[in-house]
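Number of protein chains: 2
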Amino acid sequence: MEYRVGVIGGGQLARMMIPAAVNLGIDLKVLAENAGSSAALAATEVGDYLDLETVMAFAQTVDVITFDHEHVPQAILHALVEAGHDVRPGPDALLYAQDKILMREKLEQLGVPVPVWAAVSNADELASFIADNGGHAVVKTPRGGYDGKGVRVVSHADEVADWFVALAEDGNGGALLAEERVDFSRELAQMVARRPSGDMQLWPVVESVQRDGVCAEVIAPAPRSAGRVADVAADIATAIAEGVGVTGVFAVELFETTDERLLVNELAMRPHNTGHWSIDGSTTSQFEQHLRAVLDLPLGATGCRDTWSVMVNVLGGPVEGTLADRYVAAFADQPTVKFHNYGKAPRPGRKVGHVTAGGDDLDQVVFEARAAAAFFQN
Amino acid sequence: MEYRVGVIGGGQLARMMIPAAVNLGIDLKVLAENAGSSAALAATEVGDYLDLETVMAFAQTVDVITFDHEHVPQAILHALVEAGHDVRPGPDALLYAQDKILMREKLEQLGVPVPVWAAVSNADELASFIADNGGHAVVKTPRGGYDGKGVRVVSHADEVADWFVALAEDGNGGALLAEERVDFSRELAQMVARRPSGDMQLWPVVESVQRDGVCAEVIAPAPRSAGRVADVAADIATAIAEGVGVTGVFAVELFETTDERLLVNELAMRPHNTGHWSIDGSTTSQFEQHLRAVLDLPLGATGCRDTWSVMVNVLGGPVEGTLADRYVAAFADQPTVKFHNYGKAPRPGRKVGHVTAGGDDLDQVVFEARAAAAFFQN
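Residue numbers (UniProt numbering), protein chains in the order written: chain E, 1 to 378; chain U, 1 to 378.
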């Protein structure tokens, strides 16, 4: 037999599955939005993931369907399952990544700690939530937001008046998600892989440093996390994985509050930016593990290869030219750092690559990773 | 700018360049002998590397030409250089990998220790060599041999009578290479990367365990090599790299004699089986380093990621079915081992994959690697 995995979406997550697929001799096919996608090196078909026929035809060519993103509509996901295709993660799990209000309801059912929240359908409900929560709210559009898009911190309901107008026009009786502004000391992330059989493997919990709502750096493992923090993060992620029935790799983004609680912030039902360090820093990368998990193969070990791994995103990239233009200088300066170029044109704020450093001295590792990434900015 | 590397030959060495090319955003093109080659995932053109026009057209599409094997004829290599293409390694360096007699002459010129040898044109010369060297000789065809093919250990000249007949029929006035049967305790290999500018990086010397003339296992670093053995191996490889003007990654295969000398056995002007451990065991893999070197980019660090790395080849593969058929059992048994499947159909003696284990306890690491590889045999 041969294993054939189909990935819907041709972004950097699909791209980073290619090395793992090559190593394991897995036939990787990508359904990309357009030609010249980040994952274009894999056998790539260009087509619209919103088109049922396109997706169904693509599914015929592989053994299992998985995803570079969470935007495939539920109707298409269910049609795939009904036609007998293995879809991992499945529509029920993806639903919670697609709708933040359903996700909050599910997490509450599972007894997982989350920020205080409410689904608010109009300005009055939001005003009332703000009044009850110290004069602030974090308001999120339940669908389609990512990397800080669709998130506003407000102290007056009229700061999201446009979103309420859009809701009313949508006519589906939807609501916005309002959450307390959590007083957190830092953000953490727990990555997990789960097979259809239920077997799981967890990487160590990591610290994620955000700038402008976008992941900028990840430190693995999270400093000062040994013991209680690691255990609680693992318990939360395990409860969600089992409760939601995730298959494949998924990420739980967490707040560590100033009073030392962990609260779930977001879920991602796929390999995630906070797991990129694992390519160079763990025995099994999140991308290899995702392929193993969706194929229902035994999972790999998730130990750290270095005392500390630090991943720094290359956001935007050079103002002029390409990332490759900076290789001579960057490689000469940081011979131990691992460079990852997503093959995307530089554009302000866009994730175009990342670098990972590893070693025993955290200050030194942070310095090396930042120094390496800095070559690709400005 | 973007970097574009063209690889002539579509075997597993080209295949294992793909992950490094994906990570670094290097555009990798392969000129393969046939469709469905081991490197087929890369942008692959099928064509004959013996055909000048095919190779010249391929070279137009890339910035630098490099190789999966050493069989491209000198006339074609020189034509590429004359047309202004960067060919790395160049024809002069490749000549020594293509002709073992020229290689021995060059090594002697460089003052590098080699086994006692002679170019023998007929049975009388060989008989005389055998008489002078303890009644034995290792006889090699100067061109085209690999993995134990084209090598015979003889005590009578008539044991290679067929090769002398072939030489005579060839009519080019060639000779066979006769070497003393070296009394060696083990075989070592020293991998080096060299840029056109002359900068070099060496991995630690490794021990290579051969079975039936084929590399079966590699231990990195070679046990009991710290100090003198490592220094001498590095000096030999450095002298050859500079003396021959190699660019890219190359391997020096060495005998460690029972009286503790190192003698050069063979050269390979390309990534090599004795360097596969570096994918999982070194900060920079030989494949990433080869791409850096042929593009004249600064080289990466070559430190070990584990105290010990052990690579075991999967030779032949399963008698029935594919390597992938054994994944469930192998992955479950060895969760820390890294598996590499070359996407080639199993066939007796064929290198179809390898596994690498790493850790602090050499006995345990050897056990894990052998146990993992054993799942793919029989």
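Quick reminder that beta carbons are idealized off the backbone N, C-alpha and C, glycines included. As the structure is a prediction and not an experimental result, all values here were calculated from the model.
Within 10 Å of its beta-carbon, does residue i have 16 or more other beta-carbons around it, so buried, or fewer, so exposed?
i: residue 120/U; result: buried
i: residue 361/E; result: exposed
i: residue 341/E; result: buried
i: residue 273/E; result: buried
i: residue 211/U; result: exposed
i: residue 338/U; result: buried
i: residue 345/E; result: exposed
i: residue 197/U; result: exposed
i: residue 53/U; result: exposed
i: residue 265/E; result: buried
i: residue 74/U; result: exposed
i: residue 1/E; result: exposed
i: residue 29/U; result: buried
i: residue 300/E; result: buried
i: residue 291/E; result: buried
Just to check my reading of the structure: residue i and residue j have Cβ atoms closer than 8 Å, yes? What is that Cβ distance to the nearest angstrom?
i: residue 117/E; j: residue 179/E; result: 5 Å
i: residue 189/U; j: residue 251/U; result: 6 Å
i: residue 357/U; j: residue 314/U; result: Contact flag wrong, Cβ pair sits at about 13 Å.
i: residue 38/U; j: residue 343/U; result: 5 Å
i: residue 240/U; j: residue 102/U; result: The Cβ separation is near 13 Å, so there is no contact.
i: residue 200/E; j: residue 238/E; result: 7 Å
i: residue 95/E; j: residue 55/E; result: That belief does not hold up - the Cβ atoms of residue 95/E and residue 55/E are roughly 17 Å apart, past 8 Å.
i: residue 330/E; j: residue 287/E; result: At roughly 23 Å, the Cβ-Cβ gap does not stay under 8 Å, so residue 330/E and residue 287/E are not in contact.
i: residue 204/E; j: residue 174/E; result: That belief does not hold up - the Cβ atoms of residue 204/E and residue 174/E are roughly 37 Å apart, past 8 Å.
Report the option in the options whose CA atom is closest to the CA atom of residue i.
i: residue 186/U; options: 298/U, 257/U, 274/U, 336/U; result: 257/U
i: residue 155/E; options: 163/E, 165/E, 139/E, 166/E; result: 139/E
i: residue 366/E; options: 296/E, 225/E, 15/E, 277/E; result: 277/E
i: residue 99/E; options: 49/E, 176/E, 316/E; result: 176/E
i: residue 260/E; options: 244/E, 122/E, 228/E; result: 228/E
i: residue 68/E; options: 85/E, 74/E, 15/E; result: 15/E
i: residue 249/U; options: 20/U, 217/U, 88/U, 81/U; result: 88/U
i: residue 246/E; options: 281/E, 293/E, 141/E; result: 293/E
i: residue 25/U; options: 325/E, 363/E, 371/E; result: 325/E
i: residue 332/E; options: 348/E, 371/E, 353/E; result: 371/E
i: residue 164/U; options: 127/U, 295/U, 131/U; result: 127/U
i: residue 13/U; options: 281/U, 334/U, 184/U, 352/U; result: 352/U
i: residue 112/U; options: 253/U, 141/U, 125/U; result: 253/U
i: residue 123/U; options: 114/U, 142/U, 162/U; result: 162/U
i: residue 307/U; options: 219/U, 133/U, 107/U; result: 219/U
i: residue 296/U; options: 195/U, 373/U, 267/U; result: 195/U
i: residue 3/U; options: 348/E, 134/E, 374/E, 323/E; result: 323/E
i: residue 104/U; options: 243/U, 302/U, 35/U, 82/U; result: 243/U
i: residue 364/U; options: 216/U, 334/U, 350/U; result: 334/U
i: residue 267/E; options: 107/E, 43/E, 49/E; result: 107/E
i: residue 380/U; options: 66/U, 36/U, 27/U, 76/U; result: The first residue shown for chain U is 1 and the last is 378, placing residue 380/U beyond what the model contains.
i: residue 378/U; options: 131/U, 208/U, 115/U, 349/U; result: 349/U
Please list the partners that residue i has in chain A, where partner means a Cβ-to-Cβ separation under 8 Å.
i: residue 104/E; result: The chain inventory of the structure shown lacks chain A, comprising the protein chains E and U.
Can the beta-carbon of residue i be found less than 8 Å from the beta-carbon of residue j?
i: residue 91/E; j: residue 328/U; result: no
i: residue 181/U; j: residue 214/U; result: no
i: residue 6/U; j: residue 61/U; result: yes
i: residue 336/U; j: residue 305/U; result: no
i: residue 221/U; j: residue 232/U; result: no
i: residue 22/U; j: residue 263/E; result: no
i: residue 355/E; j: residue 319/E; result: no
i: residue 157/U; j: residue 269/U; result: no
i: residue 32/E; j: residue 46/E; result: yes
i: residue 86/E; j: residue 64/E; result: yes
i: residue 225/U; j: residue 20/U; result: no
i: residue 202/U; j: residue 168/U; result: no
i: residue 411/E; j: residue 289/E; result: Chain E is shown from 1 up to 378; residue 411/E falls before or after that span and cannot be answered.
i: residue 255/E; j: residue 184/E; result: yes
>> Ignoring anything shorter than 3 residues, give me the beta strand (DSSP E) runs that lie fully in the stretch 171-253 of chain E, in order along the chain.
In response: 176-179, 184-194, 200-202, 206-211, 214-220
Hey, which unbroken runs of the beta strand (DSSP E) at 3 residues or more fall wholly within the stretch 47-72 of chain E? 64-67
May I have a chain-ordered list of the beta strand (DSSP E) segments no shorter than 3 residues that lie completely inside the stretch 269-325 of chain U? 308-315
Counting only runs that start and end within the stretch 122-149 of chain U, where is the beta strand (DSSP E) found for 3 or more residues in a row? When DSSP assignments are scanned along the stretch 122-149 of chain U, the uninterrupted stretches of beta strand (DSSP E) that are 3 or more residues long and fall wholly within it turn out to be 137-140.
To test your reading of the DSSP string, which unbroken beta strand (DSSP E) runs of 3 or more residues are found completely within the stretch 326-376 of chain U?
338-341, 351-359
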